[in-house]
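What follows is a single structure, written as structure tokens, with notes after it.
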Amino acid sequence: MHWTWPWARPRTNPRAPRHAQTPPERKEATGFVALHVAGEARWTRRDYAGLAREGYMSNPVAHRAVKLVAEAAAALALVAYEDGQERTDHPALALMAQPNARQAGTAFLEALHGHLLIAGNAYVEMVAAPAGSTELHLLRPDQVTVVCDGDGWPLALERRDGTSVRRIPLGPEGTGLHLSLFHPLDDHLGFAPLEAAMAALDTHNAAGRWNKALLDNSARPSGALVYAPKEAAA
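Start counting the sequence shown at 1; every next residue gets the next number (the working numbering).
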């Protein structure tokens, strides 16, 4: 008896049909290019200037949302009470009707709520005007810093305008007022609602810029991936 080891046996079966012993045909494709670019997203800075430019000033959805909330809040009627009695002639109502010479009450409140929505903070300074009157002025959030005492309590507002630095005291005897929205990770500064939407806003703005560039290029893409098989080339 003659034994043949499995690895020494022929790979084809002599009893199989002739077409079964023919190795499969191998086809090679030519002209195929694969591209892989590992990029990283670029996000807008989460400061007041970035949120204002890329959100409120560049995105129509964010602009309209901020305007709707700010205008609705500014349109609310103000009522003054003293000792439980409503006073229609309260000095505070006259001040809010015309906070300063440049802004009426609705414009002032709309700008104040706009600061809250874009920056999460709004800063107001009370200024003594001529003839013994008082005016209220809004301070731009990106120019103001909250100064705290040794125990971490807010003490004053520090306003910077170029090289000029001015300190505005807070508290009952001060002339500054700081309004802020809830911030889960900051004890003094507020969290801007617009900041929570910046990932979606950046994506929307980037898509708009890409579409505009494509239209400026007569809707022709900047590149094309061409696949030319060997059979088609022949």
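All C-beta atoms in this analysis are idealised placements derived from N, C-alpha and C, irrespective of residue type, glycine included.
Determine the extent of the alpha helix (DSSP H) in which residue i is found, giving its start and end residues.
i      : result
Gly50  : 48-51
Arg220 : From DSSP, Arg220 is part of no alpha helix (DSSP H); its letter is neither H nor E.
Pro91  : 91-97
Pro235 : With the chain covering only 1 through 234, there is no way to say anything about residue 235.
Considering only residues of the same chain and omitting the five flanking positions on each side of residue i, which have a CB-CB separation below 8 Å?
i      : result
Ala49  : Asp142
Thr175 : Glu125, Met126, Val127, Ile168, Pro169
Glu173 : none
Glu195 : Arg46, Leu51, Gly120
Ala197 : Gly55, Ala62
Asp216 : none
Applying the criterion that 16 or more other CB atoms from any shown protein chain within 10 Å of the CB defines a buried residue, is residue i buried or exposed?
i      : result
Met57  : exposed
Tyr123 : buried
His178 : buried
Gly55  : buried
Leu185 : exposed
Trp5   : Because Trp5 sits at a pLDDT of 49, beneath the cut-off of 50, its placement in the model cannot be relied upon, and the following sentence gives the value as read from the coordinates. Flag for Trp5 reads exposed.
Ala224 : exposed
Leu51  : buried
Ser164 : exposed
Val218 : Inspection of the sequence shows that residue 218 is occupied by Ser rather than by Val. By the 10 Å Cβ count, Ser218 comes out exposed.
Ala119 : buried
Asn59  : buried
Ala192 : buried
Gly114 : buried
Ala156 : buried
Gly190 : buried
Phe182 : exposed
Leu76  : exposed
Leu201 : buried
Leu78  : exposed
Leu139 : buried
Leu68  : exposed
Spatial neighbours of residue i within its chain, please: C-beta separation below 7 Å, excluding the five flanking residues on both sides.
i      : result
Glu110 : Ala70, Glu71, Ala74
Arg45  : none
Asn100 : Glu135, Leu136, His137
Pro154 : Val146, Cys148, Leu170, His178, His188
Could you give the residue range of the beta strand (DSSP E) that holds residue i?
i      : result
Leu177 : 176-180
Asp202 : No beta strand (DSSP E) contains Asp202, which is instead part of the alpha helix (DSSP H) from 198-216.
Glu158 : 154-161
Pro229 : From DSSP, Pro229 is part of no beta strand (DSSP E); its letter is neither H nor E.
Arg167 : 164-169
Closer than 6 Å by C-beta to residue i: which residues in its own chain qualify, once you throw out the five before and the five after it? Chain order, please.
i      : result
Gly80  : Note that residue 80 corresponds to Ala in the displayed sequence, not to Gly. Cβ neighbours of Ala80 beyond the five flanking positions: Arg87, His90, Ala92, Leu93.
Gln103 : none
Glu158 : Thr145, Val147, Arg167
Leu214 : none
Ala235 : The first residue shown for the chain is 1 and the last is 234, placing residue 235 beyond what the model contains.
Thr106 : Ala74
Pro221 : none
Phe108 : Pro99
Leu95  : none
Q. What residue ranges within the region 104-145 form continuous beta strand (DSSP E) runs of no fewer than 3 residues, ordered along the chain?
A. 121-128, 134-139
Q.
Pairs of beta-carbons, one from the region 143-162 and one from the region 193-207, closer than 8 Å: are there three or more?
A. no
Q) Would you say the region 61-70 touches the region 121-136, given that touching needs at least three Cβ pairs under 8 Å? A) no
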